[in-house]
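S.K.: Just so you know, the sequences run in chain order A and B.
Everything in the first sequence is counted per this note's numbering, starting at 1 for the first residue and increasing by one.
Everything in the second sequence is counted per this note's numbering, starting at 1001 for the first residue and increasing by one.
Beta carbons are placed, not taken as given, at the ideal position from N, Cα and C, and that holds for glycine.
The structure displayed is predicted, hence computed values, not measured ones.
Have a look at this one.
2 protein chains.
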Amino acid sequence: MHRTATDMKRARTGDQKAARRRAILDAADRHFAEAGFEGFSMARVGRLAGVAKGTLYLYFETREDVLLALTLDKLAAWADALLDDPDAAPSDESFAAAFHAAAWRDPALMPLLSRLDSVIEHNVSTGILIEAKSAMSDLFLGLADGLADRLGLTPAQALDALTSLGALLLGAAQADLGPDLDGCELPADVRRMTEAFASESLFITNACRILRGIRAGH
Amino acid sequence: MHRTATDMKRARTGDQKAARRRAILDAADRHFAEAGFEGFSMARVGRLAGVAKGTLYLYFETREDVLLALTLDKLAAWADALLDDPDAAPSDESFAAAFHAAAWRDPALMPLLSRLDSVIEHNVSTGILIEAKSAMSDLFLGLADGLADRLGLTPAQALDALTSLGALLLGAAQADLGPDLDGCELPADVRRMTEAFASESLFITNACRILRGIRAGH
DNA sequence: TATATTGCTGACCACTGGTCAGATGTGAGC
DNA sequence: GCTCACATCTGACCAGTGGTCAGCAATATA
């Protein structure tokens, strides 16, 4: 008798293997949420998933392969959230705000994206890398198509807007990824600089400038 | 008799200690240049600097403290290069190009900056962190003052421009930090997406949009 | 029930960043 | 010129990491 996908000690069918992989990714998600990128440990993922460390490497090439899969999941969720958000259109400003809010809805997304190229992609086989890039390409093209009308842009302009805002979002996010200094006595100059780099206002202001530039055909 | 700052087995005077610290940072610089962020190892820094690993921890708190010091050095060099570049003014476009070129002059700078908040600052004591933030604050304020006239902006606008372009630069740089896929067969969609995210054109185009927005008072 | 297949395990490897008791270079005082 | 006290320096050591693989054992089939 075949076992169900979740009640088994060995995953033999395709469904069962998919379920195992899913279980590992869920454990990774939980672990990442509380340990962050640097504290992310394969040993703990295994323990959380109820599986030996070696087993992880039957389902993923490397630690970064796990993180890449996690990133793709969360990126797809971001795109869905943005498409479903009715505020993502009326004005450039509300679109920018919705773009930013969707990106921070899952607090793990920006930390992952900010290491996507610099760390994650460097420890993954080219096959998996290309597959991931292709998935992201599809996701962006689909998003551009879905948003073009709402933004009153051509699909090409919408894609330009998405890539431009994407880059801006990544850069602006940096400031929010630093350690929390709220409790500390800060010199006035440091506090001013911190505020100038605060992610949300920096992003929204410049997103509007960029969208205006695109509309003007620049 | 006192030894000179560089000919000594023990650093006892302030000058000698400064020279040791400098020597360690130089070794770190060389090591980073060929190993990159992830491959950066304290053991190797020690070997390159001709010093035991334990000694490194007399001059720096942690690995990230070394990388933070390195980043500050390189950031100051970037600011100098930008101020000295006569092209950094005539038009928005040439300013944006000069901004980008200065940032990539030292190939280690962007890889370091892209991890500054997300990694480096998380493993450094608050004292050192605040000191570093203060130095960066001074650097940005000085740069804004030095460039405001040339850009035809008020100092406040110039600071806005610097922080905005800084964020954009960081985000746009991500794409250039990924692994090199030049030699590979890429599906057409992936290649298109890669080109859309190419750092230089993405940065310059949007930097001009942002500068235009600032001039327009947005 | 016996067998072949193959998913799973965990001891093991080379490495990491960081520590600290003990060795030693060095300048000051005689 | 010698001695000594002190602070700098060292490297074995620690707990941890990501990743491997020979062998164990759950399962589907005959």
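1. What did DSSP end up calling P1090 (chain B) once you bin it into helix, strand or coil?
2. For G127 (chain A), does the three-state DSSP call read helix, strand or coil?
3. Taking Cβ positions only, does I1130 (chain B) come closer than 8 Å to chain A?
4. Quick one: which residues of the region 171-183 of chain A get their C-beta closer than 9 Å to a C-beta of chain B? List them in chain order.
5. So, I214 (chain A) versus A161 (chain A), is the Cβ gap smaller than 8 Å?
6. In terms of residues, what are the limits of the alpha helix (DSSP H) holding L115 (chain A)?
7. Between which residues of its own chain and F40 (chain A) is the CB-CB distance below 6 Å, once the five residues before and five after are set aside?
8. For P111 (chain A), return the contacting residues in chain B, with the cut-off set at a CB-CB distance below 7 Å.
9. Kindly say whether E38 (chain A), judged by its beta-carbon, lies nearer than 8 Å to any beta-carbon of chain B.
10. Which residue's Cα is closest to the Cα of G1217 (chain B): A:I120, A:R105, A:T205 and A:A216?
11. If you measure from the beta carbon of K133 (chain A) to each beta carbon in chain B, is any gap under 8 Å?
12. For S199 (chain A) and D176 (chain A), which I take to be in contact (beta-carbon distance under 8 Å), what is that distance rounded to the nearest angstrom?
13. Are the Cβ atoms of V66 (chain A) and A11 (chain A) separated by less than 8 Å?
14. So which residues of chain B does E121 (chain A) contact, with C-beta pairs closer than 9 Å?
15. Considering only C-alpha positions, which residue in the set B:Q1157, B:P1187, B:L1075 and B:P1111 is nearest to A1035 (chain B)?
16. Where do the N-terminal and C-terminal ends of the alpha helix (DSSP H) with M1008 (chain B) fall, by residue?
17. Do you know how far the Cα of A156 (chain A) is from the Cα of M1136 (chain B)?
18. DSSP state of S1164 (chain B), grouped into three classes?
19. Is the separation between the beta-carbon of L1025 (chain B) and that of A1077 (chain B) shorter than 8 Å?
20. Count Cβ pairs between the region 89-100 of chain A and the region 117-129 of chain A that sit closer than 8 Å; are there 3 or more?
21. What did DSSP end up calling L1056 (chain B) once you bin it into helix, strand or coil?
22. So the alpha helix (DSSP H) V45 (chain A) belongs to, where does it begin and stop?
23. Specify the secondary structure class of G183 (chain A) as computed by DSSP and reduced to three states.
24. Closer than 7 Å by C-beta to L1211 (chain B): which residues in its own chain qualify, once you throw out the five before and the five after it? Chain order, please.
25. Measure the alpha-carbon distance for R1150 (chain B) versus W104 (chain A) and round it to whole angstroms.
26. Considering only their Cβ atoms, is the gap separating L170 (chain A) from Q1174 (chain B) smaller than 8 Å?
27. Does any CB atom of chain A fall closer than 8 Å to the CB of I1210 (chain B)?
28. With a threshold of 16 other CB atoms inside 10 Å of the CB of L113 (chain A), please say whether the residue is buried or exposed.
29. Could you give the DSSP three-state label for A216 (chain A): helix, strand or coil?
30. Expressed to the nearest angstrom, what Euclidean distance is found between the alpha-carbon atoms of R22 (chain A) and Y59 (chain A)?
31. Between G152 (chain A) and L72 (chain A), what straight-line distance do the alpha-carbon atoms span, to the nearest angstrom?
32. Excluding five sequence neighbours on each side, which residues of the same chain lie with their C-beta closer than 8 Å to the C-beta of R44 (chain A)?
33. Over the uninterrupted alpha helix (DSSP H) stretch that includes A76 (chain A), give me the two end residues.
34. To the nearest angstrom, how far is it from the Cα of D1138 (chain B) to the Cα of A1158 (chain B)?
35. I'd like the list of long-range same chain contacts for L1129 (chain B), defined as Cβ closer than 7 Å, with 5 residues on each side in sequence excluded.
36. Can you tell me the Cβ-Cβ gap for A102 (chain A) and A81 (chain A), rounded? I've got them flagged as a contact below 8 Å.
M.R.: By the coordinates alone:
1. As a working mapping, residue 1090 (chain B) is identified with position 90 in the second sequence. Three-state result, P1090 (chain B): coil.
2. In the first sequence, counting from the first residue as 1, residue 127 (chain A) sits at position 127. Three-state result, G127 (chain A): helix.
3. Taking the second sequence and counting its residues from 1, the one referred to as residue 1130 (chain B) is at position 130. Yes, I1130 (chain B) counts as interfacial toward chain A.
4. G171, A172, A173, Q174, A175, D176, L177, G178, P179 and L181
5. Start at 1 with the first residue of the first sequence, and residue 214 (chain A) comes out as number 214. Start at 1 with the first residue of the first sequence, and residue 161 (chain A) comes out as number 161. A contact, by the Cβ cut-off of 8 Å.
6. Here residue 115 (chain A) refers to the residue found at position 115 of the first sequence. Sequence check: residue 115 (chain A) is Arg here, not Leu. For R115 (chain A), no alpha helix (DSSP H) encloses it, and the DSSP letter there is neither H nor E.
7. As a first step, residue 40 (chain A) must be located in the first sequence, where it is residue number 40. Cβ within range, chain order: F32.
8. Counting from 1 along the first sequence, the entry for residue 111 (chain A) is found at position 111. Those within 7 Å of P111 (chain A) in chain B are S1118.
9. Counting from 1 along the first sequence, the entry for residue 38 (chain A) is found at position 38. True, the Cβ-Cβ gap to chain B drops below 8 Å.
10. On the second sequence, residue 1217 (chain B) is found 217 positions in, with the first residue counted as 1. Cα-wise, what sits closest to G1217 (chain B) is A:T205.
11. Along the first sequence, one-based indexing puts residue 133 (chain A) at 133. Judged by the 8 Å Cβ criterion, K133 (chain A) is in contact with chain B.
12. Position 199 of the first sequence, counting from 1, holds the residue named residue 199 (chain A). Position 176 of the first sequence, counting from 1, holds the residue named residue 176 (chain A). So it is a contact: roughly 4 Å between Cβ atoms.
13. Taking the first residue of the first sequence as 1, we reach residue 66 (chain A) at position 66. Taking the first residue of the first sequence as 1, we reach residue 11 (chain A) at position 11. Not closer than 8 Å, so no.
14. Residue numbering aside, residue 121 (chain A) sits at position 121 when the first sequence is read from its first letter. Chain B residues near E121 (chain A): L1177, G1178 and P1179.
15. Residue numbering aside, residue 1035 (chain B) sits at position 35 when the second sequence is read from its first letter. It is B:P1111.
16. As a position in the second sequence, residue 1008 (chain B) is number 8, starting the count at 1. Unbroken run through M1008 (chain B): none, as it is neither H nor E.
17. Reading the second sequence from its first residue, position 136 is the one you call residue 1136 (chain B). Reading the first sequence from its first residue, position 156 is the one you call residue 156 (chain A). Going from the Cα of M1136 (chain B) to the Cα of A156 (chain A) covers about 38 Å.
18. Counting from one through the second sequence, the residue named residue 1164 (chain B) turns up at place 164. Helix at S1164 (chain B).
19. Here residue 1025 (chain B) is taken as the residue at index 25 of the second sequence, counted from 1. Here residue 1077 (chain B) is taken as the residue at index 77 of the second sequence, counted from 1. No, the Cβ-Cβ distance between L1025 (chain B) and A1077 (chain B) is not below 8 Å.
20. no
21. Residue mapping note: residue 1056 (chain B) aligns to position 56 of the second sequence, counting from 1. L1056 (chain B): helix per DSSP, three-state reduction.
22. For the purposes of this step, residue 45 (chain A) is identified with residue 45 of the first sequence, where counting begins at 1. From DSSP, the alpha helix (DSSP H) with V45 (chain A) extends over M42 to A49.
23. In the first sequence, the residue the question calls residue 183 (chain A) occupies position 183. DSSP places G183 (chain A) in coil when its eight states are reduced to three.
24. By one-based count along the second sequence, residue 1211 (chain B) stands at place 211. These residues qualify, in order along the chain: D1092 and A1161.
25. Here residue 1150 (chain B) refers to the residue found at position 150 when the second sequence is read from its first residue. Here residue 104 (chain A) refers to the residue found at position 104 when the first sequence is read from its first residue. When rounded, the distance between both Cα atoms is 37 Å.
26. Here residue 1174 (chain B) refers to the residue found at position 174 when the second sequence is read from its first residue. Here residue 170 (chain A) refers to the residue found at position 170 when the first sequence is read from its first residue. Yes. Within cutoff.
27. Indexing the second sequence from 1 puts residue 1210 (chain B) at position 210. So yes, I1210 (chain B) belongs to the interface.
28. Here residue 113 (chain A) corresponds to residue number 113 of the first sequence, with the count starting at 1. Flag for L113 (chain A) reads buried.
29. What you label residue 216 (chain A) is simply residue 216 of the first sequence in a count that begins at 1. A216 (chain A) falls in the coil class under three-state DSSP.
30. Against the first sequence, residue 22 (chain A) aligns to sequence position 22. Against the first sequence, residue 59 (chain A) aligns to sequence position 59. Spanning the two alpha carbons is a distance of roughly 10 Å.
31. Mapped onto the first sequence, residue 152 (chain A) falls at position 152. Mapped onto the first sequence, residue 72 (chain A) falls at position 72. Approximately 28 Å between the Cα atoms of the pair.
32. Walking along the first sequence from the start, residue 44 (chain A) turns up at place 44. H31 and A35.
33. Looking up residue 76 (chain A) in the first sequence gives position 76. Unbroken alpha helix (DSSP H) run through A76 (chain A): R63 to D84.
34. Translated into positions along the second sequence, residue 1138 (chain B) becomes position 138. Translated into positions along the second sequence, residue 1158 (chain B) becomes position 158. Distance between the alpha carbons of D1138 (chain B) and A1158 (chain B): 14 Å.
35. For the purposes of this step, residue 1129 (chain B) is identified with residue 129 of the second sequence, where counting begins at 1. Excluding sequence neighbours, L1129 (chain B) sits near E1121.
36. Taking the first residue of the first sequence as 1, we reach residue 102 (chain A) at position 102. Taking the first residue of the first sequence as 1, we reach residue 81 (chain A) at position 81. Contact flag correct, Cβ pair sits at about 4 Å.
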